Each structure stands twice: as C-alpha cells, then as structure tokens.
Amino acid sequence: MPSLLPTMVIPEKYLIWPTVEPWHTRTSATHPVRLLSSSFMASLASDPPLRSSPPCSSRRSPSHHADPAGWGFSSPRPSSMGYTQALASDMTELINHLHPNSPDLRIYIAGGSYGSIPAQMLYGAPFDAFPLGRNIVGCLLAAPFSPFKWHGDYTKSMTWSNYVSIGPLARMLPFQPLQRIAVVGLSLKLNTVDKAETFIRQLLFDDASEEERAAFARWRESRGLEEGVFERQMATNMVKSISKSWAGFIEIADVAHSDWGFRPDRLDDAHTTGRPMIIAASADDDLGPDMANWLKANYRNSKLKWVPGKHLSTLYEIDNLWAELLENEPAASPVVGLQ
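Going by full-length UniProt numbering, the sequence shown opens with residue 1, and the numbers climb by one from there.
Quick look at the structure:
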C-alpha cells in the first residue's frame, strides 16, 4: 500500500538538523533508536547531567534532540496538516536523516506527560501512515495522558485547574481564550531563568511528601548533581521551550482531544506482539490515576508501575524503567536518543 506521508517536507524555521555521526553508516544487524518526547522539558536530553535517557554508557551512543512541533526550536506545524500527519512526517524525515539506508532499525519510543501523546501516536500509527512504525519494539510512557476521544471518564479525577486547562471547557470556547490567558500568566513566570527556577521549585517541592523528597535526593546523588543544578537546568530548558513560539502550548488541549489515528483496544497483533509498553504513573499525580489505569486496560501488551509522589516523580525512577524496557537488547548495540 502506498505511503500516505506528504511528499513535501515541512519548512523548518529554527531547528538545525543534527550532523550524522560516523557510526550511523555501520552495517550492523540492528540499530536500536530511542524517540523521546516532552514539552516544557525542551533540550533536556542535550544536557548530560540531566538526561532522561536510559543508562547506556556501555553502548557509547550519542543522543540527538528534536522538540515537538511548536516547542523549543521546532517550528509550529502547518495549519493544513493534522497533528498525527505532521508528527509522522517529522519523525520519518528525522530518522531517515540520522539513519540513512538502515532498514533493520529497532525503535524505542518514550514520552512523559504531554509527550506521552505523540509517543502513543507513533506507537499505534497505521503502518501506511508511518512505515517506520514497523520497526518499533517498545514504548515507555511516564505520567501519561489517555486519548480523550476514547476515554469517556478522563476528567474523573482531574484537579479543577487541569479540568479548565485541558478538559471540555478548553474545547468549547472559540479562539482558545483560556489557553491564551494561561500564556499571559506563564510568560510572567518563564520570561527569565531565575523566575522559571522559582516556579520549578514550587512544582517540585511545594506539598511534596517526605518520601518524594527523599526519592529526589537519591536520584540527584546518583547523578552526581550538586544541590540546585537540576532545578537551574530544568528552568533553563523551560525558558528555551517557549523561546520561539507558544504554538505548541496553545494546542495542547486540541491535540489531547483529537483523533490520534487509532483505538488502543483495537490495535492488531502487528502493533502489540513483541512491542512491550511500560506505563509509569505517579500515585499523587494531579491528572489522577484513572488515565494510567485506562491505558493499562486498553493496551494489550502493557505493564503499569506506580511511583510515589506527584506528577514529576516518575523522573526519579526513569533509569530503572528504561533498564526494564531494554533488558533484552544486546548491550553492544548502538542506541540513539531523539528527544
């Protein structure tokens, strides 16, 4: 069946394509590739102390970063293209650029929070729309969203602020007034790194339990990070994420409510057999537990793991989660991260 991907590449205003590393031309049997998505965490993978990628020092592999459309240094998607189509086009172009003539790629997809949406879109995309989907062999979702189109009770345990920002109300009003008001408020908190750092500390530590604080301390020490380094770099990344455009932020609710191109409970064997999915959810996440439970019930090849703490607490277990997902990968295989 012919590919449904557009023949014209989306014009890119800001993003500089990464240089292809020499090892990409090696003729090994398989090349595991990791595709990671986030939103406000733009450029996290490019900062070595804070990488959310799996521990892979033995693999001697580089990590490449690509922000979702409309975030960081990635241009907003054309209004003429749906989100799933633009995502498939972007990822196809990027993977082919990094791995030319590599038909045996083994692709791992991961996404945290809003980034779990594009991760799921790629995981479940019809193969005629995203041919490289045939190479996907695993998926990691952290603090994930469920597809609102199919999850009728997605608002069941949301906080009021989340209900307003991404619930039905965010879709009912024309011209996205709630999102634009949020942009004004957030821009005052993210217009400098110092202000963003204050905001991050509030998110991380206000109302955090002692158990979550201890988990963060252990994670920070395991990375060899001095106190404050993580918060500062995370703040820098948040400022970068909206430095060129707020387009990605404004369309969060629209993307969450859109047709993702498939129904999780109707994926065929080709989309589930040999493609494990790990769902990591925070026990006290403001999004509530129902989304993670729904995903576990609807993805046949999934495993749900609960982590103590609030929305960001899955980050502190990310190394263990990646290790579990990659446990069957040959240690000598090269791994590339795209985040």
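From the three backbone atoms N, C-alpha and C, an ideal C-beta is built for every residue, glycine too.
It should be emphasised that the depicted structure is a prediction, and the values quoted were computed from it without experimental measurement.
| Check | Outcome |
| --- | --- |
| Beta strand (DSSP E) segment containing Ser282, residue limits | 277-282 |
| Euclidean distance between Cα positions of Ala323 and Phe175 | 44 Å |
| Contact the region 235-251 vs the region 269-289: 3+ CB pairs below 8 Å | no |
| Range covered by the beta strand (DSSP E) that runs through Ala69 | First-last for Ala69: undefined, no H or E at that position. |
| Secondary structure of Arg201, DSSP reduced to three states | helix |
| Within-8 Å CB hit, Asn101 to chain C | Note that chain C does not occur in the displayed structure, where there is just one protein chain. |
| Identity of the residues DSSP links to Trp246 by a beta bridge | Answer is none; Trp246 lacks a bridge partner. |
| Sequence-distant residues of its chain with Cβ nearer than 6 Å to Gly288 (five each side left out) | Ser157, Met158 |
| Helix, strand or coil at Arg77 [DSSP, three-state] | coil |
| Beta-carbon spacing of His257, Asp286 below 8 Å | no |
| Sequence-distant residues of its chain with Cβ nearer than 8 Å to Tyr123 (five each side left out) | Ile109, Gly133, Ile136, Cys139, His271, Arg275, Met277 |
| Candidates Arg77, Asn298, Ser313, Asp90, of which the one nearest Leu203 by Cα | Ser313 |
| Endpoints, the beta strand (DSSP E) within which Lys303 is located | 302-307 |
| Straight-line gap, Phe73 to Pro308 (C-alpha atoms, nearest Å) | 33 Å |
| 4-residue-minimum alpha helix (DSSP H) runs that sit fully inside the region 207-242, ordered along the chain | 210-222, 229-241 |
| Inter-residue Cα distance where the pair is Ser58 and Trp219 | Note that Ser58 has pLDDT 39, beneath the 50 cutoff, so the model's placement of it is unreliable and no number is given. |
| Endpoints, the beta strand (DSSP E) within which Tyr108 is located | 105-112 |
| contact_flag[the region 257-266, the region 146-156] where n(CB pairs < 8 Å) is 3 or more | yes |
| Beta-carbon proximity of Leu98 to Pro118, cut-off 8 Å | no |
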